[in-house]
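Novice: Going by full-length UniProt numbering, 95 is the number at position 95 of the sequence shown; the sequence numbering is gapless. A virtual CB, placed ideally from N, CA and C, is assigned to each residue, including glycine. Keep in mind it's a predicted model, so treat the numbers as computed, not measured.
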Amino acid sequence: MSLIDLFKRKKTKKQECKVLLAMAIFNNGDSFDVHQIIAHFESHWGVKPLDKEGNKEVASFRIDGETVALAEMQVQIPWADIEGTAQYAYNWPKASEDLKHHTGHAFATLMAGQKSRRERCEILSKVMYSIFKTSGAIGVYLGSESLLIPKKQYIDSMDILENGDFPVSLWIYIGLRQLETGNCAYTYGLKEFNKQEIEIINSKLSLEDLYEFLLNISAYIIGNDVTLKSGETIGLSQEQKIPVIISKGSFVEGESIKLSV
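1. Let me confirm a value: T181 is counted as buried when at least 16 other C-beta atoms fall within 10 Å, else exposed. Which label applies?
2. Among the residues of its own chain, which have a CB less than 8 Å from the CB of V261, if the five just before and after it don't count?
3. So M158 is in the alpha helix (DSSP H); what residue range does that whole segment cover?
4. Is DSSP giving K52 helix, strand or coil here?
5. Along the beta strand (DSSP E) that carries A106, what are the first and last residues, could you check?
6. Does P78 pass the burial test, meaning 16 or more other C-beta atoms within 10 Å, or should it be called exposed?
7. Please classify Y173 as buried or exposed, where buried requires at least 16 neighbouring CB atoms within 10 angstroms.
8. Who are the Cβ neighbours of E255 in its own chain at under 7 Å, not counting the five residues just before and after it?
9. CA-CA distance, I257 and I222?
10. Does the beta-carbon of V34 have 16 or more other beta-carbons within 10 angstroms, so that it is buried, or is it exposed?
11. With burial defined as no fewer than 16 other Cβ atoms inside 10 Å of the residue's Cβ, what is the status of N224: buried or exposed?
12. Would a C-beta distance cut-off of 9 Å place E192 and S157 closer than the cut-off?
13. Pick out whichever of A112, M23, I217, L147 has its Cα sitting closest to the Cα of W92.
Written as structure tokens, this is what we have:
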């Protein structure tokens, strides 16, 4: 199959739900070098990309049996697509200013494959890390997860993966809201791991504490493939037993898991 076919071929619904996509963002006409990305990936992660095909602008290769496709786009991501996400990117306060006049982007795509969502997220994150380490990319946009992540945060977060844990802040969005009735937090992206989203409503904990709590709970759920059920309890220690309640979502569509902390 040709590389162009790889990007243009019609996908089945089953394939579409498995494809992972990240967009590296560039300023000042910068872009990536496929050869440098592949060389860095092999030297840093100790895995040799196979079946390399393509050219400077469009390329594909295989990692652990999964197909990675890269495509350079010397145009902006439509501002309407990322403006809303930039406004709510509390992790990147200057996102709107930094990205308003970006000059190009690059697709990093993990095509449909057989590994678990977590394993595939790990592969894509490693590819993104190699892109950041070998280019002037200033950040990454993950539209399905409503995430905009600046370069430094992404690189720093990958230390978690190198230490054997899961950098879930690169895979799911954690929303934070401050209301008169209390602080709220929710996940957006657990559904992609076939898990229900989690919400904390009207808590007395600080937004920072809620963020860390949801981050740790999400890492536990994703890392151990845990499916929470109504009536069970969960906590970050043996002593902490928080009841699991499933009800209509407040900040997310459908039902969500409610945890009271």
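Specialist: Taking the structure as given:
1. exposed
2. I200, S203, L205, L210, F213, I242
3. 151-162
4. strand
5. 104-110
6. exposed
7. buried
8. Q196, I246, S247, K248, G249
9. 15 Å
10. buried
11. exposed
12. no
13. L147
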